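Colleague: Could you have a look at this structure, given as structure tokens, before my questions?
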Amino acid sequence: MKKLNLDMYRGAIAARFPEANRFQFSESYGAVVLEVPRETVRDVLRFFKEKNYFNFLMNITGVDYPDRQERFEVVYELFNTRDYSRLRVKVRTSEDKPVPSVISVWKGADWFEREVYDMFGVKFEGHPNLRRILTHHEFVGHPLRKDYAADLQQPCSSALPIHFDVGTEPKEKADNLIPLNIGPSHPATHGTLRVMVELNGEKVHRANVEIGYLHRCFEKMAETHPYNQVIPYTDRLNYCSAPMNNIGYCKAVERLLGVEIPARAQAMRVVLAELSRFIDHVVCIGANAVDLGALTGFFHLFTLREKVYSIFEKLCGARLTVSMTRVGGMAQDAPPGWFDEVLQLCKELRQGVSEIETLLTNNKIWIQRTQNVGAISAEEALQWGYTGPCLRAAGVGLDLRKAEPYYMYDELDFDIPVGSTGDVFERYLVRVEEMKQSVRIVEQVCKNMPSGDYTIRDKGIVLPEKKDVYGNIEGLMNHFMLVINGLRPPVGEVYDSTEAANGELGFHLVSDGSGVPYRLKVRPPCFAIYQSFSESITGGLVADVISVLGSMNLIAGELDR
Amino acid sequence: MTLPAQTNNDLSDVSKNFAFTTRLDDLVSWGRKNSMWPLPYGTACCGIELMSVMGPKYDLARFGAEVVRFSPRQADLLLVAGTITEKMGPILVHIYEQMLEPKYVLSMGACASSGGFYRAYHVMQGIDKVIPVDVYVPGCPPTPEAVLDGVMTLQKMIADHHPRPWKDNWVNPYEKTKS
Ligand code: SF4
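Chains as they are written, first to last, in our numbering: chain A, 47 to 607; chain B, 227 to 405.
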């Protein structure tokens, strides 16, 4: 993370805001935090954006502190895509005091604010569609408040009818509009997405989406489980590339703990992450192609995925949900010869990618169905909060592996593909290139695998090995104490992110010093991207809806959490 | 079902001599169990494993169930793979109701069977709260082999005419609350 020139910001703010003496700068785990009075937050954020200090709104989180007079905190993560600096802005509020909505500054604030409203009941003044987003429409109360019991279920008796948002009314009137509902049980929506459109002939007149059909309360579950037990839940966020979520989460906890994991663990994480990126892109491209009728691609691509799953299985026994990381390192070392097998596999993967290219890249039908479909400009993409392949396809070469290199990425040799038009075809091209680059990374790491331990050995963080637990009294005691007390990070707050297959996967973690996270908010990359969906399909053909949907790689697990 | 011992080795005579005897409903269930048309209701991680079950390596087609149909009108096996939330419940029932008889339900994974490790405010604690389930496949996610085993179990149930009181006594829970 880049060090901020604090004095410059201080000066600029003091010059612009008369109430600047009520602004508070502080530092927390390497991040700069600015607390501002509630009323000013929109102006402050707009000021930052206009001054080009921060051009990207990464995340909005709510946190509930029931003992405080103003019990809620709304936290904004700002980012600068040019120099990669970050700033956290906080406001305090309570139920009856609305926070100014920043939707007029960043369109991408839309769903993030709705989520804070849904989960905490914080109101945003000026938000045009402040209604529930994840929970169902008959839900009463706000589940992430500390006084809402984690297992208090509320049945829902009906499905929501087709509806459209305020602000999506088209400029021109048209007769003969046909409403059409797609999903949530529809082959092209991959299970749980629901798209509602109004058609004028074949053209999409207006559109809306409903999410939350897979809202499994990840964030509430994290608040009721010890740190290491949260790891299996993270697997199920983006389940197409489960290891990456493990890594992102553990990295955030490790940052809070202030530990650095050994070189071997870092290398193993990189290998797992890049293999996951590969299969995530495989699923995305395969599903995208299948939805457009290219079934052969599916079978070809899934053979590749199956091979990667087999290698995961060899590593740890699980195929999909590997849960291989632990806070402080890995759960276990790789079996002998595993890295050589990975190197062998790399050859097959390389071969596989070139087969995909033969099948699709010059395929006339594929090109016609994807080129100039769903195109988006770089500015628009930044407005919405795009990250990952979709942003890079639009021409912004932002990749955290280069921008804020973590683990050993800065020592590795790889390239970041960047497109220009941001259409479905370029998203495909970017993904294919990234698959090749991932193979390249895996090969480099496996050829020079660092030796040494696969985890740190801090007794307060990592469980002793089984042979010590059963073999000596010290190991047994150590195991007992850690299981009873849990690992306890210091009181504090971090936001940490990694470059996942879909873009920036961030974890906002608040610790109160106890054995369970006080608050864990995930910034899922496809959440921000999907907000723009209605807008990007409006005016297009209904057949293209499917093509755009597939290219965004929406994984309901991380979208709805 | 029995095939009579062949009396003549000459193949051209087979059609004249060939005959088999069976009970009619055995013949029907033999046909049914070997030509199930699944509707994959994959909502979450289990849905991804279900793709592997359908995919080249595990190949559900070997069990006669390769005709995947996304229209409930054309399917007789509902494969629920993944977490069902309260928000999804009414839709799942709506889909189930549209399927034609005879119809079967296979619940894949811990979530669909019991809510899994999501004892949480928005997750239905098992789809059997709203629709009748014939086979539960444990696992999180179940291995593809386990799913195949579940399908074979269901095939056996069909062949044996296993009684299904859960299905016979089922009422739509959402209509019940309305009336
Ligand atoms: S049973 Fe496990 S793998 Fe299957 S949907 Fe539930 S959490 Fe995902």
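In this text, a Cβ means the ideal position worked out from N, Cα and C, and glycines have one as well.
The structure displayed is predicted, hence computed values, not measured ones.
1. What do you get for residue 394 of chain B, buried or exposed, if any count of 16 or more other CB atoms within 10 angstroms of its CB means buried?
2. Shorter than 7 angstroms, the distance from the beta carbon of residue 308 of chain B to the closest heavy atom of ligand 1, or not?
3. Over the uninterrupted alpha helix (DSSP H) stretch that includes residue 347 of chain A, give me the two end residues.
4. Please tell me whether residue 510 of chain A and residue 521 of chain A are closer than 8 angstroms, where the distance is taken between their beta carbons.
5. Looking at C-alpha atoms only, which residue of A/566, A/530, A/552, A/548 is the closest neighbour of residue 538 of chain A?
6. Residues in its own chain within less than 6 angstroms of residue 542 of chain A by CB, not counting five upstream and five downstream?
7. Less than 7 angstroms between C-beta atoms, sequence neighbours within five positions excluded: which residues of the same chain meet that for residue 405 of chain B?
8. If you draw a straight line from the alpha carbon of residue 71 of chain A to that of residue 352 of chain B, how long is it in whole angstroms?
9. Return yes when at least one heavy atom of ligand 1 lies under 7 angstroms from the C-beta of residue 187 of chain A, else no.
10. With respect to the alpha helix (DSSP H) encompassing residue 338 of chain A, which residues constitute its N-terminal and C-terminal limits?
11. Shorter than 7 angstroms, the distance from the beta carbon of residue 342 of chain B to the closest heavy atom of ligand 1, or not?
12. With respect to 7 angstroms, is the separation between the Cβ of residue 315 of chain B and the closest non-hydrogen atom of ligand 2 below this value?
13. Quick one: which unbroken beta strand (DSSP E) runs of 3-plus residues sit fully inside the region 101-127 of chain A? Chain order, please.
14. Would a check of beta-carbon distances place residue 196 of chain A closer than 8 angstroms to chain D?
15. What are the uninterrupted segments assigned as beta strand (DSSP E) that are 3 or more residues long and contained completely in the region 320-401 of chain B, given in chain order?
16. For residue 228 of chain B and residue 361 of chain B, what's the separation of their Cα atoms in angstroms?
17. Assuming residue 74 of chain A is part of the beta strand (DSSP E), what are its boundary residues?
18. Compare the beta carbon distance of residue 190 of chain A and residue 256 of chain A with 8 angstroms and say whether it is the shorter of the two.
19. Return the residue from the list B/252, B/365, B/306 that minimises the CA-CA distance to residue 342 of chain B.
20. Closest by CA to residue 343 of chain A, which one among A/447, A/362, A/403?
21. Output, in sequence order along the chain, the residues in the region 287-316 of chain B whose CB is closer than 7 angstroms to any CB in chain A.
22. Which of the three DSSP states, helix, strand or coil, is assigned to residue 309 of chain B?
23. So, under 8 angstroms CB-CB, residue 596 of chain A and residue 337 of chain A are touching, yes? Tell me the CB distance rounded to an integer number of Å.
24. Would DSSP call residue 460 of chain A helix, strand or coil?
25. For residue 227 of chain B, which three-state DSSP category applies?
26. Of the choices A/241, A/211, A/340, A/571, whose alpha-carbon is the least far from that of residue 409 of chain A?
27. Out of A/586, A/165, A/193, point me to the one whose CA is closest to residue 113 of chain A's CA.
28. Who pairs with residue 327 of chain A in a beta bridge, going by DSSP?
29. Classify residue 267 of chain B as helix, strand or coil using the three-state DSSP reduction.
30. Does at least one heavy atom of ligand 1 sit under 7 angstroms from the Cβ of residue 335 of chain B?
31. Using CA atoms only, rank isn't needed, just tell me which of A/494, A/156, A/469, A/281 is closest to residue 431 of chain A.
32. Whose Cβ in chain A lies nearer than 9 angstroms to the Cβ of residue 382 of chain B?
33. Can you name, in chain order, every residue of its own chain whose Cβ lies under 8 angstroms from the Cβ of residue 84 of chain A, other than the five neighbours on each side?
34. Going by CA-CA distance only, name the one from B/268, B/249, B/278 that's closest to residue 356 of chain A.
35. Give me the Cα-Cα distance between residue 210 of chain A and residue 185 of chain A, rounded to the nearest whole angstrom.
36. Which of helix, strand or coil does DSSP assign to residue 140 of chain A?
Modeller: The structure says:
1. Taking all protein chains shown into account, residue 394 of chain B has fewer than 16 neighbouring C-beta atoms within 10 Å of its C-beta and is therefore exposed.
2. Within the chosen limit of 7 angstroms, ligand 1 reaches the beta carbon of residue 308 of chain B through at least one heavy atom.
3. First-last of the alpha helix (DSSP H) with residue 347 of chain A: 341-362.
4. Their beta carbons are under 8 angstroms apart, which means residue 510 of chain A touches residue 521 of chain A by this criterion.
5. For residue 538 of chain A, the nearest C-alpha among the options comes from A/566.
6. Hits under 6 angstroms: 297, 298, 301, 553.
7. Residue placement at residue 405 of chain B cannot be trusted, given a pLDDT of 48 that sits under 50; what the coordinates show is reported in the next sentence. Cβ-Cβ distances below 7 angstroms link residue 405 of chain B to nothing in the same chain once the five nearest sequence neighbours on each side are left out.
8. A straight-line Cα-Cα distance of about 49 angstroms links residue 71 of chain A and residue 352 of chain B.
9. False, no ligand heavy atom lies under 7 angstroms from that Cβ.
10. In the DSSP assignment, residue 338 of chain A falls outside any alpha helix (DSSP H) and carries neither an H nor an E.
11. Shortest gap from the CB of residue 342 of chain B to any heavy atom of ligand 1: under 7 angstroms.
12. This structure does not include ligand 2; its bound ligands are ligand 1.
13. Listed in chain order, they are 102-110, 118-125.
14. Judged by its chain identifiers, the structure shown contains no chain D, and its protein chains are A and B.
15. Runs of the beta strand (DSSP E) inside the region 320-401 of chain B: 330-334, 361-363.
16. Low confidence applies to residue 228 of chain B: its pLDDT is 48, below 50, so where it sits in the model is not reliable enough to give any reading.
17. In the DSSP assignment, residue 74 of chain A falls within the unbroken beta strand (DSSP E) covering 70-74.
18. Their beta carbons are not under 8 angstroms apart, which means residue 190 of chain A does not touch residue 256 of chain A by this criterion.
19. Nearest in C-alpha terms to residue 342 of chain B, of all of B/252, B/365, B/306, is B/365.
20. Residue A/403 is the option with its Cα nearest to residue 343 of chain A.
21. Result list: 296, 308, 309, 311, 312, 313, 314, 315, 316.
22. Here residue 309 of chain B sits in coil by DSSP.
23. Yes, they are in contact, since the Cβ atoms of residue 596 of chain A and residue 337 of chain A sit about 5 angstroms apart, within 8 angstroms.
24. In the structure shown, residue 460 of chain A sits in coil (DSSP, three-state: anything other than H, G, I, E or B).
25. Low confidence applies to residue 227 of chain B: its pLDDT is 46, below 50, so where it sits in the model is not reliable enough to give any reading.
26. When C-alpha distances from residue 409 of chain A are compared across A/241, A/211, A/340, A/571, the shortest belongs to A/340.
27. Ranked by Cα distance from residue 113 of chain A, the first of A/586, A/165, A/193 is A/193.
28. Partner(s): none; residue 327 of chain A has no beta bridge.
29. In the three-state DSSP reduction, residue 267 of chain B falls in the strand class (E or B).
30. For residue 335 of chain B, the Cβ falls inside the 7 angstroms cut-off from some heavy atom of ligand 1.
31. Looking at the Cα atoms, A/156 is the closest of the given residues.
32. Contacts between residue 382 of chain B and chain A, judged by CB atoms closer than 9 angstroms, are missing: the closest CB pair is about 26 angstroms apart.
33. If you ignore the 5 residues before and after residue 84 of chain A, its C-beta comes within less than 8 angstroms of the C-beta of 137, 138, 139, 143, 145, 146, all in its own chain and listed in chain order.
34. Proximity to residue 356 of chain A across B/268, B/249, B/278 peaks at B/278, based on C-alpha coordinates.
35. C-alpha of residue 210 of chain A to C-alpha of residue 185 of chain A: approximately 20 angstroms in a straight line.
36. Note: residue 140 of chain A maps to coil in three-state DSSP.
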